[in-house]
Amino acid sequence: MQEKTNKSKGRFGVHGGQYIPETLMNAVIELENAYNYYKDEPEFNRELTELLNEYAGRPSLLYYAKKMTEELGGAKIYLKREDLNHTGSHKINNVLGQALLAKKMGKTRLIAETGAGQHGVATATAAALLGMDCVVFMGREDTLRQALNVYRMKLLGSQVIPVTTGTATLKDAVSEAMREWTNRIDDTHYCLGSVMGPHPFPTIVRDFQSVISKEIKAQILEKEGRLPDAVIACVGGGSNAMGAFYHFINDKSVRLIGCEAAGRGTDTFETAATINTGRLGIFHGMKSYFCQDEFGQIAPVYSISAGLDYPGIGPEHAWLHDTGRAQYVAVTDEEAVEAFEYLSKTEGIIPAIESSHAVAYAMKLAADMDKDKIIVINISGRGDKDVAAIARYRGEEIYE
Amino acid sequence: MSNIKNAFKNGKAFVAFITCGDPTLETTVEVVKAAAENGADLIELGIPFSDPTAEGPVIQGANIRALNGGVTTDKIFDAVREIRKSVSVPMVFMTYANVVYSYGSERFCKTAGEIGMDGIILPDVPFEEKEEFAPVCRKYGLDFISLIAPTSHDRISMIAKEAEGFVYCVSSLGVTGVRNEITTDISAMTKLVRQANPDIPCAIGFGISTPEQAKNMARHADGVIVGSAIVKIVGQYANNAAPFVGEYVKSMKTAIENM
Chain A
84 MQEKTNKSKG
94 RFGVHGGQYI
104 PETLMNAVIE
114 LENAYNYYKD
124 EPEFNRELTE
134 LLNEYAGRPS
144 LLYYAKKMTE
154 ELGGAKIYLK
164 REDLNHTGSH
174 KINNVLGQAL
184 LAKKMGKTRL
194 IAETGAGQHG
204 VATATAAALL
214 GMDCVVFMGR
224 EDTLRQALNV
234 YRMKLLGSQV
244 IPVTTGTATL
254 KDAVSEAMRE
264 WTNRIDDTHY
274 CLGSVMGPHP
284 FPTIVRDFQS
294 VISKEIKAQI
304 LEKEGRLPDA
314 VIACVGGGSN
324 AMGAFYHFIN
334 DKSVRLIGCE
344 AAGRGTDTFE
354 TAATINTGRL
364 GIFHGMKSYF
374 CQDEFGQIAP
384 VYSISAGLDY
394 PGIGPEHAWL
404 HDTGRAQYVA
414 VTDEEAVEAF
424 EYLSKTEGII
434 PAIESSHAVA
444 YAMKLAADMD
454 KDKIIVINIS
464 GRGDKDVAAI
474 ARYRGEEIYE
Chain B
21 MSNIKNAFKN
31 GKAFVAFITC
41 GDPTLETTVE
51 VVKAAAENGA
61 DLIELGIPFS
71 DPTAEGPVIQ
81 GANIRALNGG
91 VTTDKIFDAV
101 REIRKSVSVP
111 MVFMTYANVV
121 YSYGSERFCK
131 TAGEIGMDGI
141 ILPDVPFEEK
151 EEFAPVCRKY
161 GLDFISLIAP
171 TSHDRISMIA
181 KEAEGFVYCV
191 SSLGVTGVRN
201 EITTDISAMT
211 KLVRQANPDI
221 PCAIGFGIST
231 PEQAKNMARH
241 ADGVIVGSAI
251 VKIVGQYANN
261 AAPFVGEYVK
271 SMKTAIENM
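Structure follows, in structure tokens:
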């Protein structure tokens, strides 16, 4: 079924497009034109590379997890350490790119949505660095789960607006940021945090995040002299996974595995596993897969991880799923928490609860693979922000 | 070509928006009848959506009340059948792309046509994406209504040329909701529409609530659209809202009918 029309832009198979109010159309067209101009401009790229290397700390390490590999007794495990980036996650890659682009476009104000707070913190950081105003929308539920990140954003000079509509989580933060953008466009850039939303965002965010797979490729070739057998990443909207997959898409020998948040299980209503439980729909500017009821009402999803607690997935992932190029598996809260604890104890690395979903699946997969196989897990962020929530999950009340 | 053109034959048109199922569909049927009896020339029936990104707090609240009350697309179709027994003014659905797409665009439009609807407004489907919905609407006698916004500028002519039914002129930036003043140069927008398509009526919506605002807006257009102000009345009087909405519609239509 090809529903692509010649006027529609930003399609990945049937997915993508620009399903947004007319009020925003000239804004996304302006953004697309600016991006097409700057993406190949040497000065823009020089400035961005300098920010990534000198400010964010790139390239991030590709670390051989020797103890973990030996304990599991299967494939050789490498960890891509996006958790070591400035602000503690991969989000900074995209944010520095978009903030620099917005500045070149003459925008003076950034707005952003955030789930776990990582994208909000990264946006607040870039705004502070580049001297821009910043307003972050965050579901009230998430402001409670991630109180430390809320204060961090305030410390960085941003305003944080708790969103109380709907389920008061990430999807509602996106809706509210979109509403704010329709209200104030002239001086404002919507710094979208994932490979989702209307065109050109899925492409822009993927390009800025693709530095992850570019580095993995160079690093693994240097260390092992060959490509990995699998690359594994967690998927909410899907920006860290898209970044980790992108430069391997044409290398058919590399399995690409996205780990969705199953929450309390894909057979329950308390899940956020979009590919595994959702169906085709149109929401937040894009056609893709969404968790929804039979009348198209978006489902109130659930995951222990505020960053994966989203009812949709980016359109390029939906297309990678349709074509079979990538595989999307579901990982429960319990499995993710166990992986969170395992990596902390085994390698001395506390991963974000989001990234722990990828660690959990990789642990199962690695054990079943031969010792001469290689897998790369994208550790998209660090887990300091999650410590209190995991303690609560384990029945221990601690105060931040 | 649908029945919508008849809405613009009685002087300046008054277009009333009502969220279906807020607080119950029985109330919606009564409210729609009251609006029609008191001079509404066109009625927009909102099918609630869980995440209405173009709506302000008032209509968001109505959507939540309606969905919590158990309203569904099928139940709304039944309510329209009931309304059509006594109401003949043109009516359009206003909802979000996923409500139509998820139901099956073909199945949705076929039913909507059969029960006597005249058009569909999808605020999250801009010109570039309309080919996904407009042809199937046309097939079942529904006009696919296009919107223009204060930011549309050079897009207005392209949109107006292909417009069907009427052009929905969004008066202000931002989401739906009552505003104290509207600062957009509306006449410049409607002028561009008329240059591109002299036959298409223009109705202005977003932010209009008082007879005076309606009068000011109607100077530059063929009609005014009021949503949040009506939804507010329904929110306040709930199951007893019909006479209050009727009274309000009468005051608004009186303000613009002889212009």
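First to last, the sequence lines map onto chains A and B.
Residues in the first sequence are numbered consecutively from 84, following this note's numbering.
Residues in the second sequence are numbered consecutively from 21, following this note's numbering.
Glycine is no exception: its CB is placed at the ideal position from the N, C-alpha and C atoms.
Return the chain-ordered list of same chain residues with a C-beta closer than 7 angstroms to the C-beta of E418 of chain A, the five sequence neighbours on each side being excluded. Within its own chain, the residues whose Cβ lies closer than 7 angstroms to the Cβ of E418 of chain A, once the five positions on either side in sequence are excluded, are A443, listed in chain order.
Return the chain-ordered ranges of every beta strand (DSSP E) run that is complete within the segment 387-416 of chain A and spans a minimum of 3 residues. 409-415, all fully within the segment 387-416 of chain A.
To the nearest angstrom, how far is it from the Cα of A241 of chain B to the Cα of Y121 of chain A? Straight-line Cα distance between these residues: approximately 41 angstroms.
Smallest Cα separation from M272 of chain B: which of B:G31, B:P110, B:A216, B:S172? That would be B:G31, whose Cα lies nearest to the Cα of M272 of chain B.
Spatial distance of E232 of chain B from D163 of chain B (CA atoms): Distance between the alpha carbons of E232 of chain B and D163 of chain B: 30 angstroms.
Hey, T271 of chain A and K190 of chain A: beta-carbon distance below 8 angstroms or not? In contact: T271 of chain A and K190 of chain A (Cβ atoms closer than 8 angstroms).
Proximity to Y118 of chain A [Cα-Cα], best of A:G364, A:M188, A:W264, A:D416: Its Cα nearest to that of Y118 of chain A, the residue A:M188 stands out among A:G364, A:M188, A:W264, A:D416.
With DSSP as the reference, label R517 of chain A as helix, strand or coil. Residue 517 of chain A is absent from the structure shown; chain A starts at 84 and stops at 483.
Going straight from the alpha carbon of A36 of chain B to that of I228 of chain B, what length do you get? Cα to Cα, A36 of chain B sits roughly 11 angstroms from I228 of chain B.
Pairs of beta-carbons, one from the segment 100-111 of chain B and one from the segment 406-418 of chain A, closer than 8 angstroms: are there three or more? No, they do not touch.
By Cβ distance, which residues of its chain are closer than 8 angstroms to K150 of chain A, with the 5 residues on each side in sequence left out? Excluding residues within five positions, the ones whose Cβ falls inside 8 angstroms are T429, E430.
Give me the Cβ distance between I96 of chain B and I67 of chain B, rounded to the nearest whole Å; I'm assuming they're in contact under 8 angstroms. Between I67 of chain B and I96 of chain B the Cβ distance is about 6 angstroms, and since that is below 8 angstroms, they are a contact.
In three-state DSSP terms, what is N58 of chain B? DSSP places N58 of chain B outside both helix and strand once states are collapsed to three, so it counts as coil.
Starting from A441 of chain A, trace the alpha helix (DSSP H) both ways and give me its first and last residue. Its alpha helix (DSSP H) spans residues 436-450.
Within 7 angstroms of chain A by C-beta, residues of the segment 156-180 of chain B in sequence order: Answer set for the segment 156-180 of chain B: L167, I168, A169, T171, S172, H173, R175.
Relative to the alpha-carbon of V384 of chain A, which residue among A:I112, A:A148, A:H404, A:K254 has its alpha-carbon at the smallest distance? The residue with the shortest Cα to Cα distance from V384 of chain A is A:K254.
Using only CA atoms, which one of A:P142, A:Q380, A:V111, A:G320 lies nearest to D269 of chain A? The shortest Cα separation from D269 of chain A among A:P142, A:Q380, A:V111, A:G320 belongs to A:V111.
Grouping DSSP H, G and I as helix and E and B as strand, with all else coil, what is F291 of chain A? In the three-state scheme derived from DSSP, where H, G and I count as helix and E and B as strand, F291 of chain A is classed as helix.
Out of A:C342, A:V420, A:I457, A:N176, state which residue places its alpha-carbon closest to the alpha-carbon of I387 of chain A. For I387 of chain A, the nearest C-alpha among the options comes from A:V420.
Beta-bridge partners of C217 of chain A, as assigned by DSSP: DSSP output for C217 of chain A lists A:L193 as bridge partner(s).
Since T271 of chain A sits in a beta bridge, which residues does DSSP pair it with? Its beta-bridge partners are A:R192.
Counting only beta-carbon separations shorter than 8 angstroms, does S91 of chain A have a partner in chain B? Closer than 8 angstroms to some Cβ of chain B, the Cβ of S91 of chain A qualifies, so yes.
Contact list for R262 of chain A against chain B, beta-carbon separation under 9 angstroms: Simply T73, A74, E75, G76, G194, V195.
Of all Cβ atoms in chain A, is any one closer than 8 angstroms to the Cβ of A241 of chain B? The beta carbon of A241 of chain B sits no closer than 8 angstroms to any beta carbon of chain A.
Whose C-alpha, out of A:L239, A:R228, A:A199, A:N232, is nearest the C-alpha of D216 of chain A? Selection A:L239, A:R228, A:A199, A:N232 evaluated against D216 of chain A yields A:L239 as nearest (Cα-Cα).
Once you ignore the five residues that flank T274 of chain B on each side, which residues in its own chain have a CB closer than 8 angstroms to its CB? Only G59, P231 meet the Cβ criterion.
Consult DSSP for Q242 of chain A and reduce its assignment to one of helix, strand or coil. Collapsing the DSSP output to three states places Q242 of chain A in a strand.
Rounded separation between E260 of chain B and F373 of chain A - CA only: For clarity, residue 260 of chain B is Asn in the given sequence; the question names Glu instead. Approximately 37 angstroms, taken between the alpha carbons.
Okay, do the segment 347-363 of chain A and the segment 44-54 of chain B touch, 3+ Cβ pairs below 8 angstroms being the bar? By the Cβ rule, the segment 347-363 of chain A does not count as touching the segment 44-54 of chain B, because fewer than three pairs are nearer than 8 angstroms.
Thinking T252 of chain A and D290 of chain A are a contact (beta carbons under 8 angstroms), I'd like their distance in whole angstroms, please. Between D290 of chain A and T252 of chain A the Cβ distance is about 27 angstroms, and since that is not below 8 angstroms, they are no contact.
Out of curiosity, what's the CA-to-CA distance linking S371 of chain A and H400 of chain A? Approximately 9 angstroms, taken between the alpha carbons.
By the three-class DSSP mapping on this structure, what secondary structure does Q380 of chain A have? DSSP, read as helix, strand or coil, puts Q380 of chain A in coil.
Checking 8 angstroms against the spacing of the C-beta atoms, do I38 of chain B and I250 of chain B come in under that value? Yes, Cβ-Cβ distance for I38 of chain B and I250 of chain B is below 8 angstroms.
Start-to-end residues for the beta strand (DSSP E) that takes in K273 of chain B: No beta strand (DSSP E) contains K273 of chain B, which is instead part of the alpha helix (DSSP H) from 262-277.
Starting from the Cα of L247 of chain B, find the closest Cα among B:G76, B:I165, B:V109 and give me that residue. What sits at residue 247 of chain B in the sequence shown is Gly, not Leu. Nearest neighbour of G247 of chain B by Cα position, chosen from B:G76, B:I165, B:V109, turns out to be B:G76.
Whole-angstrom C-beta distance between G464 of chain A and H282 of chain A, which should lie under 8 angstroms: 26 angstroms between Cβ atoms; not a contact.
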